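Each residue of the sequence shown is one higher than the last, beginning at 18 in the numbering used here.
Cβ atoms here follow ideal geometry from the backbone N, Cα and C, with glycine treated the same way.
Everything numeric in this text was worked out from a predicted model, so none of it was measured.
First the structure, in the form of C-alpha cells, and then the observations on it.
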Amino acid sequence: MPQPPPKFIPALGFKFLTPLYDLVMRLTIRELTFKRRLIEQMRLEKSHRVLDSGCGTATLTILIKKTYPEVEIIGLDIDPKILDIARLKVKKAGVDIKLDQGSAFELPYPDNFFDRVVSSLVIHHLTHENKARTFREVFRVLKPGGEMHIADFGKPQNVLMYLISRFLGLFEDTLDNIKGLLPEMFREAGFEEVEETTRYATVFGTLSLYRARKPG
C-alpha cells in the first residue's frame, strides 16, 4: 500500500503565500549576498555533483549552475507548487538542471552519490527529529570527503538579533537554530570539521552559514 507523502510546511508558512516567496526574500534578506557567499565556500570543481536540498524556487540552484556551468546539479523540494515555479525559472534561465520532488529527510538517492549538498533556509522548518534525520541522510548520500553547506537561522549575534529571535523562539521548530545547537547535531550525524563560517543580521534574526565534512 503506497505511503502518503510526508507533511511539510510551505516556504512562507502558508500555501497561498508561495507565489510571493521570491519577492519576500528580496525585500527582507540579502538573498544574493549570502547565497553567493555560500557558493564561494563550497569550492566547487567541474567534476562535482551537487544536491540543493529544499531548493524552493531554485534561486540558489540556478545561481550555482550559472557560476559553475560544468557542475551537475539537482534540485529537490517536497512542495509541488514551489517546484512549478522553479521549473519556470530554470526554463527562463536556459540552464540544465534536474528538479526532483522529495523529502530532505528521505532523500531518493543512493549512498555516496554527491560531492556537495547545500541547503538554504530549510532546516528551521523541520522538527528536531526531522533535522537529525536530514543530517543523517545528507551524510549518507555524500561521498567520503564530501561537504554539507547550510544557510539558516543561528544563535543571535547581538542584543538586537536576540530580541528579534525571541519571536522566532515562539515556533518550536526554530529553537535548535536560535539555541546554536545545529553544529552539535552535524557532529552527531557523523560530520567533522564543523564550522560556522559567516553571520548576517536580517530582519528575522541572525542568518548563519555552516560547513561540515564527511570523513574520508
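Do you know offhand how far residue i's Cα is from residue j's?
{"i": "Lys-63", "j": "Tyr-85", "result": "7 Å"}
{"i": "Leu-187", "j": "Thr-144", "result": "Unreliable positioning characterises Leu-187 in this predicted model, as indicated by a pLDDT of 49, which lies under 50. The coordinate reading is nonetheless provided below. If you take the alpha carbons of Leu-187 and Thr-144, they lie about 14 Å apart."}
{"i": "Tyr-217", "j": "Arg-228", "result": "15 Å"}
{"i": "Gly-171", "j": "Pro-127", "result": "30 Å"}
In this structure, how does DSSP classify residue i when only helix, strand and coil are distinguished?
{"i": "Arg-153", "result": "helix"}
{"i": "Phe-131", "result": "strand"}
{"i": "Leu-116", "result": "strand"}
{"i": "Leu-49", "result": "helix"}
{"i": "Ile-140", "result": "helix"}
{"i": "Val-6", "result": "The displayed coordinates of the chain run from 18 to 233. Any statement about residue 6 would go beyond what the structure contains."}
{"i": "Arg-66", "result": "strand"}
{"i": "Asp-94", "result": "strand"}
{"i": "Phe-203", "result": "helix"}
{"i": "Ala-168", "result": "strand"}
Determine the contact status of residue i and residue j, defining contact as a CB-CB distance below 8 Å.
{"i": "Arg-54", "j": "Leu-226", "result": "yes"}
{"i": "Val-135", "j": "Asp-69", "result": "yes"}
{"i": "Leu-77", "j": "Lys-115", "result": "no"}
{"i": "Asp-113", "j": "Ile-140", "result": "no"}
Around the C-beta of residue i, are 16 or more other C-beta atoms found within 10 angstroms, so that it is buried, or is it exposed?
{"i": "Gly-111", "result": "exposed"}
{"i": "Thr-50", "result": "exposed"}
{"i": "Val-220", "result": "exposed"}
{"i": "Gly-162", "result": "exposed"}
Quiz prompt | Stretch pair the segment 98-105 + the segment 126-140: three plus CB contacts closer than 8 Å | solution = no
Quiz item: Should the segment 88-102 be called in touch with the segment 150-169, which here means at least 3 C-beta pairs below 8 Å?
Solution: Under the 8 Å Cβ criterion, the segment 88-102 does not count as touching the segment 150-169, having fewer than three qualifying pairs.
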